[in-house]
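In what follows, a structure is listed as structure tokens, so that the remarks can point back to it.
In my numbering, the protein residues as written are 1 to 114.
Below, the structure is given as structure tokens:
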């Protein structure tokens, strides 16, 4: 199984968990992650974040903010249609942490990232 397939599998599990939630914000987070996985540049950021811890991942995402402006803009626009707000950095770093945990459990090789 490729890493991309594995990430999509985790996304599908994440989507299944979100079905039990009562907030639209969770729906938005799932939608954003799906868009991230579908976009090559944003997927590359996700893969980079899989290799580092939560706070370090958040800092790297902030440092890369200019490079990843499309997801920030997308997240801001989408979150603006919902009650409350969504922190795109929190969404992507949390999802990366979830993937990292599964990768550790299943001992999936990160080499190549595709």
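Ideal Cβ placement from N, Cα and C applies to all residues, glycine included.
Because the structure is a prediction, the values reported are computed rather than measured.
In this structure, DSSP gives residue 19 a state outside helix and strand, which the three-state scheme calls coil.
Apart from sequence neighbours up to five positions away, no residue of its chain approaches residue 40 with a beta-carbon distance below 6 Å. When DSSP states are grouped into helix, strand and coil, residue 5 belongs to the helix group. Taking 7 Å as the cut-off, the Cβ atoms of residue 15 and residue 30 count as close. Approximately 5 Å separates the beta-carbon atoms of residue 93 and residue 57; this is inside 8 Å, confirming the contact.
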